[in-house]
Amino acid sequence: MENAFRHAVQNIAKYGDTDVFPFPVENHAFFDRTEDVVKILLRMHADISSAIVESTPTVEGMLSPVGYTGFRWATQIDPIWNAYFLGLVISEGINIEKARISVDKGNVFSYRFSWDDETKSIFNKEIGWAQFQTTSVDKARESKFVLVCDISDFYPRIYHHRLENALINATSNKQICANIMRLLMNFSGNVSYGLPVGGPASRLLSELLLNRVDRLLVTNKVDFCRFADDYHIFADSAEEAYQALLFISSKLHSNEGLLLQKAKTRIVSSEEFLAASEFAVENVPEGEEQKEGRAFLRLRLHFDPYSPTADADYELLRDEIAKFDIIGMLGRELKKSRIHQSLVRKLVGALKLLHPVQRDAAIASLMDNLTVLYPIFPSIMLLLKGAMEDMGEAVRESVFAKLRSLISSKSYLVSVPTHLAYSVRILAYDKSDEAEEVLASIYNATESPSIRRDVILAMAKKNSDYWISDVRRNFRMVSEAEKTAILIASYILGDEGEHWRSSVKSLISPVQKLIVQWASDRRKSGNFEVPL
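For what it's worth, the numbering used here labels the leading residue of the sequence shown as 1, then goes sequentially.
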C-alpha cells in the first residue's frame with residue numbers, strides 16, 4: 001500500500017487529479033512533500049472508519065460543457081481523499097489489467113494500466129485513442145458495414161453492486177474492495193450508483209465493469225473496437241450489424257443496467273466510416289487545407305519537461321510544429337460558425353511552441369472569437385496562464401479587460417462554473433483595482449467552495465492584504481477548501497498572519513498542517529509565491 005499511495009501522489013502531482021477542473025492548490029504540496037502525504041494516507045488506511053468520521057470524503061460537482069449546447073456533470077474529489085481513492089485502485093491495478101481482455105486481442109484500447117516509474121504515468125501511453133481509431137480504420141477496410149455507438153450517461157449510471165462483483169472477481173483483497181465501495185457511496189451521496197467523473201481511478205474501475213460485456217462480444221465472435229464508452233462494431237452485412245446492435249444493447253442493459261445513446265447510434269457503410277475518419281489516409285480530401293488538418297491531428301504533441309532529454313525533445317517538437325501553418329489553420333477555423341473542436345484544441349496547445357510575437361497575435365484573435373471557441377474555453381485559459389510571464393503588455397491588458405467585462409456582464413461564456421474557475425486563475429495576474437472588484441463579486445456570488453478557494457488565492461497573489469485580513473475572520477464558518485486557501489494566504493499578512501495561524505492551529509486537519517508547513521518552508525527559502 002505504501003508504494004501504491006506513493007504512485008498515486010506522484011501521478012497527481014505531475015498530471016493533476018482530473019481532466020476537467022483547474023488543479024487544486026494541494027497538488028503543489030503533493031509534488032514537494034510526497035513522502036509526508038504518503039504517511040498521512042497510510043494513517044488513514046490503518047483506520048479508515050475513524051478517518052471518514054474525522055474528515056468526510058466529499059466531492060464538488062460542476063457543469064462542464066460538451067460541445068456548444070450540451071453539458072456533463074463533472075466532479076472533483078477532496079484532494080487527500082482523491083489520493084487515497086487512487087492509491088486503493090492502483091494497488092489493484094495489475095489485477096484489474098489481468099482481468100481485462102488482453103491488449104494483443106486488438107479490441108480494447110482505453111486506459112490500459114501500466115505504471116511507469118520514470119514518467120509517473122498510470123496508463124500505457126502507446127495504447128489509446130489513436131490506436132483505437134487506426135485499428136478501426138483497418139477493420140473497416142475489411143468490412144462492409146460499421147456500427148458506431150456509445151453508452152448514454154456512462155459514469156453516472158454505473159451500479160455499485162455490479163462494480164463490486166467485478167472487483168471481487170478480479171482481486172482477492174476484500175478489504176481494498178470494501179474501502180473502494182465505501183468511498184464510492186460517500187462520493188455519490190449514499191446512493192448505490194455513479195462514479196466520480198474526470199479522474200484516473202474512475203477510469204480504471206469503469207474499464208473493469210465493461211470488461212464483462214467485452215468478453216461476451218469476443219465469445220460471440222462480434223468484431224469490435226472500444227475506447228471507454230465508444231464502440232465500433234464491424235459487419236459484412238446490414239443484417240449482421242443490426243444483430244450486433246441487438247446483442248450489445250441487450251447485454252449492456254441486462255448485465256450492467258446501461259443503455260446506448262440513441263442519437264449517436266448508427267449503422268454506416270465502411271465507405272462512409274472511412275470518409276469521415278481523420279485516420280483513413282487514403283480518403284483525405286483533395287484540398288491541401290483538409291489534408292494538412294488531418295496530418296496535424298495525427299501529430300503527437302506530448303512533451304515532458306522533466307525528461308532527461310527535455311531540451312532536445314522540445315527542439316524536435318518545435319521543428320515538427322514548424323512544418324504546419326498553425327496560424328493559418330487556426331484562422332480558417334475561426335471563420336466558421338462551429339469549429340472542429342479536436343483540431344482547434346490541438347492548435348491552441350501548439351501555440352505555446354511558437355515565437356512569442358506570433359503566439360501573442362494568435363491570443364488576441366482567440367480573445368476576439370471566444371463565442372465560437374466556447375467548447376474549448378478551458379484550453380484557451382490554460383494557454384493564457386502558460387504564456388503570462390512573457391506575454392506582451394498590450395495583449396495581456398486586453399486579455400484582462402475582456403475577462404473582466406465577460407464576468408461583470410454575466411456572459412454565458414463564464415456562467416458555466418468550470419469556465420469561471422479557469423477565468424479566476426487568469427485574473428490573479430491582473431494588478432488592476434477593477435480585477436479586485438470583480439474577484440470580490442465572484443466570491444460573494446458563488447457557492448462553489450473551489451471557486452471561492454481560488455478567489456482567496458488570487459487575492460493573495462495580488463497582495464490584497466486588507467481583503468485577506470477580513471476574510472480570515474470567517475475561518476470557522478467556511479469550507480475546508482477555503483480554509484486551506486486562507487491558511488496559505490495568511491502568509492502575506494506578516495506578524496498578523498503568524499499570530500492568527502497560532503490561534504487556529506487546533507482547528508485544522510493533518511493535510512492543512514502539512515500545507516502550512518510547506519508554505520512556511522517556501523516562505524523561509526525566499527521561494528514563496530501564492531500558488532494557483
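Even glycine gets a Cβ: it sits at the ideal position worked out from N, Cα and C.
Alpha carbons only, please: which of the options is nearest the one belonging to residue i?
| i | options | result |
| --- | --- | --- |
| Ser188 | Ile127, Glu272, Gly287, Thr58 | Thr58 |
| Pro65 | Thr171, Ile40, Tyr412, Asp390 | Tyr412 |
| Lys120 | Thr34, Arg404, Ala235 | Thr34 |
| Ile158 | Leu259, Ser55, Ser405 | Leu259 |
| Leu183 | Ser172, Leu205, Lys264 | Leu205 |
| Phe528 | Leu457, Asp470, Trp500 | Leu457 |
| His45 | Val37, Tyr84, Val9 | Tyr84 |
| Val218 | Ala280, Phe71, Arg100 | Arg100 |
| Asp534 | Asp390, Leu406, Lys352, Phe132 | Absent from the structure is residue 534, since the part of the chain shown begins at 1 and ends at 532. |
| Thr8 | Arg72, Glu54, Leu351, Phe113 | The sequence shown places Ala at residue 8, rather than the Thr named in the question. Cα-wise, what sits closest to Ala8 is Phe113. |
| Phe324 | Leu334, Leu353, Ile339, Glu26 | Leu353 |
| Ser249 | Ala322, Asp229, Gly386 | Asp229 |
| Ile176 | Asn211, Glu447, Met1 | Met1 |
| Asp360 | Ala275, Leu246, Leu347, Glu393 | Glu393 |
| Asn82 | Trp115, Met329, Arg6 | Arg6 |
What is the DSSP secondary structure of residue i, reduced to helix, strand or coil?
| i | result |
| --- | --- |
| Thr75 | strand |
| Ala235 | strand |
| Ile127 | coil |
| Leu366 | helix |
| Glu278 | coil |
| Val108 | strand |
| Gly392 | coil |
| Cys159 | First, the residue type needs correcting, since residue 159 is Tyr and not Cys in the sequence shown. In this structure, Tyr159 counts as strand in the three-state DSSP scheme. |
| Arg33 | coil |
| Asp360 | helix |
| Asp230 | strand |
| Gly199 | coil |
| Gly93 | helix |
| Glu60 | strand |
| Phe23 | coil |
| Gly70 | strand |
| Phe400 | helix |
| Phe224 | strand |
| Pro65 | strand |
| Tyr429 | coil |
| Ser249 | helix |
| Lys385 | helix |
| Asn527 | coil |
| His499 | helix |
| Asn463 | coil |
| Lys14 | helix |
| Asp325 | coil |
Report the CB separation of residue i from residue j in whole angstroms; it is logged as a contact under 8 angstroms.
| i | j | result |
| --- | --- | --- |
| Gly87 | Ala29 | Contact flag wrong, Cβ pair sits at about 16 angstroms. |
| Thr18 | Gly194 | With 8 angstroms as the limit, Thr18 and Gly194 do not qualify as a contact, their Cβ atoms being about 15 angstroms apart. |
| Tyr68 | Pro375 | 6 angstroms |
| Asp150 | Tyr242 | With a Cβ gap of about 18 angstroms, Asp150 and Tyr242 do not count as contacting. |
| Ala460 | Val530 | 4 angstroms |
| Val213 | Glu164 | The Cβ separation is near 17 angstroms, so there is no contact. |
| Trp500 | Arg472 | 6 angstroms |
| Phe224 | Trp129 | About 16 angstroms separates the two Cβ atoms, so there is no contact after all. |
| Val37 | Leu514 | 7 angstroms |
| Leu343 | Leu384 | Not really, about 20 angstroms apart at Cβ, beyond 8 angstroms. |
| Asn27 | Ile12 | 6 angstroms |
| Arg476 | Asp454 | Contact flag wrong, Cβ pair sits at about 21 angstroms. |
Sort out for me which residues DSSP pairs residue i with in a bridge.
| i | result |
| --- | --- |
| Ile151 | Leu260 |
| Asp116 | Ser121 |
| Ser269 | Phe145 |
| Tyr193 | Tyr159 |
**OP:** For the segment 406–420 and the segment 488–498, state whether three or more C-beta atom pairs, one from each stretch, are separated by less than 8 angstroms.
**Re:** With the cut-off at 8 angstroms, the segment 406–420 and the segment 488–498 do not touch.
**OP:** Could you tell me whether the segment 206–213 touches the segment 155–173, using the rule of 3 or more Cβ pairs below 8 angstroms?
**Re:** Yes: at least three Cβ pairs fall under 8 angstroms.
**OP:** Flag this pair as touching only if the segment 263–278 and the segment 131–151 have three or more C-beta atom pairs under 8 angstroms; answer yes or no.
**Re:** Judged by Cβ distances under 8 angstroms, the segment 263–278 makes contact with the segment 131–151, as three or more pairs qualify.
Original post:
Can at least three beta-carbon pairs, one atom from the segment 67–82 and one from the segment 100–110, be found at a separation below 8 angstroms?
Top reply: The segment 67–82 makes no contact with the segment 100–110, as fewer than three CB pairs between them are under 8 angstroms.
Original post:
Between the segment 120–129 and the segment 39–54, do at least 3 Cβ pairs fall closer than 8 angstroms?
Top reply: No: fewer than three Cβ pairs fall under 8 angstroms.
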